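*Asks:*
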Amino acid sequence: MVTWLGAPSVAALREALHEVAPQLGGGAIVPRNLVPDAAPEWSAATAVLAGRYVVKFAWAEPAALRIRHQVRVLGALKVSAPWLALPAVVVASESPALLVTELAAAVPFFDVRHLVGAGGRARVAQDLGAVLARLHDPDVLAAVSAAAGPLAAPVMPAATDALRRGPAAPAPDARWERVAAWCDWTDRVLGPAPGRSGLVHGDFHGGNHLWDERSLRLELVVDWETAGPAEPEYDLRCLPGDCGMELFGAVVDAYERVSGAALDRDRIMGWHVRTVLDDVLWRVEAGVPMPDRRTAGEWVDDLGARLAGFGVGG
């Protein structure tokens with residue numbers, strides 16, 4: 001049975017650690033992203049423990065279930081995909097829901113993407129394309145499902161009907177008027193039934209793949225809370241914005257070389273449109289800043305530039 005912390009506090013986390021990992025309970029705890037009044041689904045946070053470990057914890061059932069899911073997926077992947085760059089698990093508990101991993105020296109892709117020049121583009125693309133291609137092998141999905149139990153599909157971004165309506169709060173000025181045309185295109189490219197299904201990470205953005213800052217090699221893929229079955233194109237939907245269109249194209253080429261299977265670039269971009277606009281929509285309505293502190297309108301402009309470069313007007 002899954003359980004969770006009684007309060008979103010360092011004291012409650014230390015008590016839980018004393019229960020499941022007494023050897024770790026005495027170290028210094030530095031919480032990150034601790035939002036005590038978060039909605040139940042997001043009532044989770046991480047903390048650095050003793051300067052050596054990262055611990056993920058929850059104080060509500062929905063968030064605890066997500067941690068349990070990650071614990072089970074990581075355990076299954078360790079056996080079925082030993083080649084995969086996974087965080088080193090130190091303690092994994094379902095009651096209470098805790099995941100302790102070793103703190104890696106690697107940094108998020110967001111922190112190194114500016115270092116990827118023409119000389120290193122092929123190497124970075126190969127690392128990204130290869131890890132996704134191998135993860136999406138149907139045999140991996142079958143093995144993980146057998147070990148971890150039935151897997152639910154990841155929660156998809158908002159449908160285009162909601163995106164066309166725009167935010168209830170003040171919209172990012174007239175830029176939102178272009179969204180309807182983008183949504184029409186997205187509906188067309190995502191309308192046909194998806195092709196093959198594989199195990200997708202589900203949230204493969206630049207904060208969840210970690211890199212060696214000197215060699216620019218992929219070191220770890222983290223945060224498997226949303227892993228589940230879906231079409232491979234869904235897992236590449238963040239790359240156009242995170243990598244830029246040139247590197248994104250190189251990643252798709254590398255993926256196809258490794259897997260021997262073609263990707264539908266239109267479908268990837270359709271998922272990209274829904275993902276970016278969904279992020280803008282909820283942040284505008286909730287009054288939450290965009291992750292890079294730019295405006296929602298600037299995000300819409302950037303999306304429009306990527307779509308124009310891809311041949312989509314509006």
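Per UniProt numbering, residue 1 is the first one in the sequence shown, and the count goes up by one each step. By construction, the Cβ of each residue, glycine as well, lies at the ideal position given by its N, Cα and C atoms. For clarity, every value in this text was computed on a predicted model and none was experimentally measured.
So, under 8 Å CB-CB, residue 133 and residue 258 are touching, yes? Tell me the CB distance rounded to an integer number of Å.
*Replies:* For the purposes of this step, residue 133 is identified with residue 133 of the sequence shown, where counting begins at 1. For the purposes of this step, residue 258 is identified with residue 258 of the sequence shown, where counting begins at 1. Sure, about 4 Å apart at Cβ, within 8 Å.
*Asks:* Out of 213, 272, 245, 52, state which residue places its alpha-carbon closest to the alpha-carbon of residue 204.
*Replies:* Within the sequence shown, residue 204 is the residue found at index 204, counting from 1. Of the candidates 213, 272, 245, 52, the one whose C-alpha sits nearest the C-alpha of residue 204 is 272.
*Asks:* Grouping DSSP H, G and I as helix and E and B as strand, with all else coil, what is residue 160?
*Replies:* Position 160 of the sequence shown, counted from the start, is the residue given in the question as residue 160. In the structure shown, residue 160 sits in a helix (DSSP, three-state: H, G or I).
*Asks:* Count the other C-beta atoms from every protein chain shown that fall within 10 angstroms of the C-beta of residue 72, then say buried if there are 16 or more, exposed otherwise.
*Replies:* As a first step, residue 72 must be located in the sequence shown, where it is residue number 72. That one is buried.
*Asks:* Can you grab the Cα-Cα spacing for the pair residue 88 / residue 55, in whole Å?
*Replies:* On the sequence shown, position 88 is the one that residue 88 refers to. On the sequence shown, position 55 is the one that residue 55 refers to. Spanning the two alpha carbons is a distance of roughly 12 Å.
*Asks:* For residue 121, which of 100, 29, 182, 253 has the nearest alpha-carbon?
*Replies:* Locating residue 121 in the sequence shown gives position 121, counting from the first residue. Residue 121 has its Cα closest to that of 253, out of 100, 29, 182, 253.
*Asks:* Can we say the segment 112-121 touches the segment 174-190, given the rule of at least three CB pairs closer than 8 Å?
*Replies:* At 8 Å Cβ cutoff, the stretches do not touch.
*Asks:* Distance, Cα to Cα, residue 44 vs residue 92?
*Replies:* Taking the sequence shown and counting its residues from 1, the one referred to as residue 44 is at position 44. Taking the sequence shown and counting its residues from 1, the one referred to as residue 92 is at position 92. So the two alpha carbons sit approximately 15 Å from each other.
*Asks:* For the beta strand (DSSP E) that residue 219 lies in, which residues bound it at each end?
*Replies:* Walking along the sequence shown from the start, residue 219 turns up at place 219. Run containing residue 219: 218-221, per the beta strand (DSSP E) assignment.
*Asks:* Which residue's Cα is closest to the Cα of residue 107: 116, 210, 156, 90?
*Replies:* Start at 1 with the first residue of the sequence shown, and residue 107 comes out as number 107. Cα-wise, what sits closest to residue 107 is 210.
*Asks:* Cα separation between residue 46 and residue 90?
*Replies:* As a first step, residue 46 must be located in the sequence shown, where it is residue number 46. As a first step, residue 90 must be located in the sequence shown, where it is residue number 90. Cα to Cα, residue 46 sits roughly 15 Å from residue 90.
*Asks:* In its own chain, which residues sit with a C-beta less than 7 Å from the C-beta of residue 217, not counting the 5 before and 5 after it?
*Replies:* Here residue 217 is taken as the residue at index 217 of the sequence shown, counted from 1. Contacts found: 127, 211.
*Asks:* Please confirm whether residue 224 and residue 97 have their CB atoms less than 7 Å apart.
*Replies:* Locating residue 224 in the sequence shown gives position 224, counting from the first residue. Locating residue 97 in the sequence shown gives position 97, counting from the first residue. Not closer than 7 Å, so no.
*Asks:* Is residue 228 helix, strand or coil when you go by DSSP?
*Replies:* Numbered from 1 along the sequence shown, position 228 holds the residue referred to as residue 228. It is a strand residue.
*Asks:* Inspect the beta-carbon positions of residue 237 and residue 186 and report whether they are closer than 7 Å.
*Replies:* As a first step, residue 237 must be located in the sequence shown, where it is residue number 237. As a first step, residue 186 must be located in the sequence shown, where it is residue number 186. No, the pair does not count as a contact, with Cβ atoms beyond the cut-off.
*Asks:* Could you pull the DSSP bridge partners for residue 198 from this structure?
*Replies:* Locating residue 198 in the sequence shown gives position 198, where the first residue counts as 1. 230, per the DSSP bridge assignment.
*Asks:* Would you report the Cα separation of residue 111 and residue 213, rounded to the nearest angstrom?
*Replies:* To locate residue 111, count along the sequence shown from 1; it is residue 111. To locate residue 213, count along the sequence shown from 1; it is residue 213. About 8 Å.
*Asks:* Tell me whether residue 141 is buried or exposed, calling it buried when 16 or more other Cβ atoms sit within 10 Å of its Cβ.
*Replies:* For the purposes of this step, residue 141 is taken as the residue at position 141 of the sequence shown. Result: buried.
*Asks:* Going by beta-carbon coordinates alone, are residue 152 and residue 241 separated by less than 7 Å?
*Replies:* The residue you call residue 152 lines up with position 152 of the sequence shown. The residue you call residue 241 lines up with position 241 of the sequence shown. No, the Cβ-Cβ distance between residue 152 and residue 241 is not below 7 Å.
*Asks:* Run through the segment 1-55 for me and flag every whole beta strand (DSSP E) of 3 or more residues, listed as ranges in chain order.
*Replies:* List check, beta strand (DSSP E) in window: 29-32, 44-49.
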